[in-house]
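Right, one structure below, let's go through it.
Chains as they are written, first to last, in the working numbering: chain S, 1 to 307; chain U, 1 to 315.
Shown next as structure tokens:
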């Protein structure tokens, strides 16, 4: 995405691969102390970006062109203006090893509780991507979220007896590659990348659904005026047709620019939602709800899993 | 030899003269009695920075996170400390960290002692070289790399389980649990323990042991009444270092624990970075510092700092 921008403008783009959770406090400290932030554009999860917006460290992107033409999912929910712009959505799919499921893809997330999968189930180590689904798998409904998460905690307590592994994106790939797990909740990008690298992994959207979320771009306050202008130009390019087509195809994720064709291997894949029907199978929790409740959910998740 | 008679001193000498003149200007002759203290200034400055940082953390720890703005509230409160005591998960994680620190310290010392003893007593240069290489080699391999190495060896599809399967045995759960974390930490801490024990053992003259034996003590009595007491400085030093490093370890629980055997350092990381709660992270850090310092102080109270050669008495 950045190479064509460089070709177009002559501005070299240097990529900083600091983990999203770790760059966040550095930017916050710089803005609070009146220093120039360490980066110009932050590629972030929408939840993290929303937290930064709530802290008031993001520049309003409302003056970008074509925002009104993007799909509704591009617009941040529950925030004033455009402190960030979502650039694509992604699904926390149920990834599995076909060899462990000879009868076909798992139909329900509850298979994670089966004794034969003891020690062979993996989740993110902060419960991200699974908390709302745990509520549904535990017998609750979407309406229970966020006020009644008890069915989810009950599901986690049952799952804990099955000794799940808790990790992060690279762990899932390694564990699948080593044949150490049979099923995991992970983003579809990981599962697809693993499959493209020859690892025997498939993914599905079980009957309870999967959580759908977004990533976005935002610009920190405190940049010199000219640098902020070019940072905005990069974001402007990122939400344009050309960048969205190439960038999202490479990631294998649905873009926010309307009318773009999915990559051939993802046509009709429920983990690549493009139609309202697809989104009905998925669970989307507005970022402000996530931001407000994540610390509590996180604490309860840890409490159960660290037992 | 440099020619000093012609009046042309070497450049290095002239530079040192310049430094002398500079020091004389900045540090009057009357203050020369304080020269020794001048050298500890950089260390004092580093400690001062640490104390300032701790002060900031103590202040942050007394402010609760406002979820509407994700900033700490202005009002002072003990909410973060209350959260630590009210949420069982934190006490469980702290207990797990402390237990690991005790186990790892004990096991490391038990394993390090014979290693260090053999290294200082062996008559064979080859054996000594081998032990030295084996001791220092792990220092060149980072903790994370070593942890991943254990994953390869102990993993469900790892070397040991492959062997077990080949022999018709059922696969073993050797990884992603608390014992795996303890195992990894012992392997990581062992060289530190050996390194700190070795000088203490080397300082015990071989003739002292011979004297003990010539007076009728068997090997066990010599070990108990001569070696152990005389090796106390090394034992105390090794215990303090291994205990504190284990108590504050992050990588081994993270990698070998499979996400279910967190230590307090992992909880601190989560608070700072995952849930952006600077106040809670600071409170956990302060609690860790206080408990760690108190336990080290306890060790020194029991063993005495004099055992490390820090007695405060003029010799």
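Cβ coordinates follow ideal geometry from the N, Cα and C atoms, glycine included.
Item                                                                                                                                                                                                   : Value
How many Å lie between residue 16 of chain U and residue 49 of chain S at the Cα?                                                                                                                      : 56 angstroms
Output the distance between the C-alpha atoms of residue 138 of chain U and residue 144 of chain U, rounded to the nearest integer angstrom.                                                           : 12 angstroms
Within the 8 angstroms Cβ cut-off, does residue 103 of chain S reach chain U?                                                                                                                          : no
Express the C-alpha separation of residue 225 of chain S and residue 55 of chain S in angstroms, rounding to a whole number.                                                                           : 21 angstroms
Assuming the contact rule is C-beta atoms closer than 8 angstroms, residue 299 of chain U and residue 239 of chain U should be a hit. Round their C-beta distance to whole Å, please.                  : 6 angstroms
Could you tell me whether any Cβ in chain U is nearer than 8 angstroms to the Cβ of residue 22 of chain S?                                                                                             : yes
What are the boundary residues of the alpha helix (DSSP H) that residue 309 of chain S is part of?                                                                                                     : The structure shown does not extend to residue 309 of chain S, since chain S spans only 1 to 307, so no value can be given for it.
So, helix, strand or coil for residue 199 of chain U, using DSSP?                                                                                                                                      : helix
Quick check on the burial criterion: 16 or more other C-beta atoms within 10 angstroms. Buried or exposed for residue 267 of chain S?                                                                  : exposed
What are the partner residues of residue 211 of chain S, as DSSP defines its beta bridges?                                                                                                             : S:92 and S:283
Taking 8 angstroms as the threshold (C-beta atoms), are residue 306 of chain S and residue 275 of chain U in contact?                                                                                  : no
Of all the CB atoms in chain U, is at least one closer than 8 angstroms to the CB of residue 51 of chain S?                                                                                            : yes
Give, in chain order, every unbroken run of the beta strand (DSSP E) that is at least 3 residues long and sits entirely within the segment 63-151 of chain S.                                          : 85-96 and 121-124
How far does the beta strand (DSSP E) with residue 264 of chain S in it extend, from its first residue to its last?                                                                                    : Where residue 264 of chain S is concerned, there is no enclosing beta strand (DSSP E), given that its DSSP letter is neither H nor E.
Using a Cβ cut-off of 8 angstroms (strictly closer), state whether residue 67 of chain U contacts chain S.                                                                                             : yes
In its own chain, which residues sit with a C-beta less than 8 angstroms from the C-beta of residue 93 of chain S, not counting the 5 before and 5 after it?                                           : 185, 186, 187, 188, 191, 203, 204, 205, 210 and 271
Closer than 7 angstroms between beta carbons: that is the criterion. Which residues of the segment 140-161 of chain U meet it against chain S?                                                         : 155, 156 and 157
Could you give the DSSP three-state label for residue 54 of chain S: helix, strand or coil?                                                                                                            : helix
Is DSSP giving residue 358 of chain U helix, strand or coil here?                                                                                                                                      : The requested residue 358 of chain U is not part of the displayed model; chain U covers only 1 to 315.
Can you name, in chain order, every residue of its own chain whose Cβ lies under 7 angstroms from the Cβ of residue 315 of chain U, other than the five neighbours on each side?                       : With a pLDDT of only 47 at residue 315 of chain U, under 50, the local geometry of the prediction cannot be trusted, and the value read off the model is given with reservation. Taken in chain order, the list of residues that qualify is empty.
Report back the beta-carbon spacing between residue 154 of chain S and residue 129 of chain S to the nearest angstrom; my notes put them in contact at under 8 angstroms.                              : Residue 154 of chain S to residue 129 of chain S, Cβ: 19 angstroms. No contact.
Can you have a look at residue 280 of chain S and say buried or exposed, based on whether 16 or more other CB atoms are within 10 angstroms of its CB?                                                 : exposed
Of all the options S:231, S:195, S:304 and S:278, which has the alpha carbon lying nearest to the alpha carbon of residue 37 of chain S?                                                               : S:231
Does the beta-carbon distance from residue 151 of chain U to residue 182 of chain U come in below 8 angstroms?                                                                                         : no
Apart from the five residues on each side of it in sequence, which residues of its chain come closer than 6 angstroms, Cβ to Cβ, to residue 63 of chain U?                                             : 72, 73 and 279
Could you give the DSSP three-state label for residue 59 of chain U: helix, strand or coil?                                                                                                            : helix
Output the distance between the C-alpha atoms of residue 82 of chain U and residue 126 of chain S, rounded to the nearest integer angstrom.                                                            : 22 angstroms
Leaving aside the five residues before and after residue 107 of chain U along the sequence, list all residues of the same chain whose C-beta is less than 6 angstroms from its C-beta, in chain order. : 186
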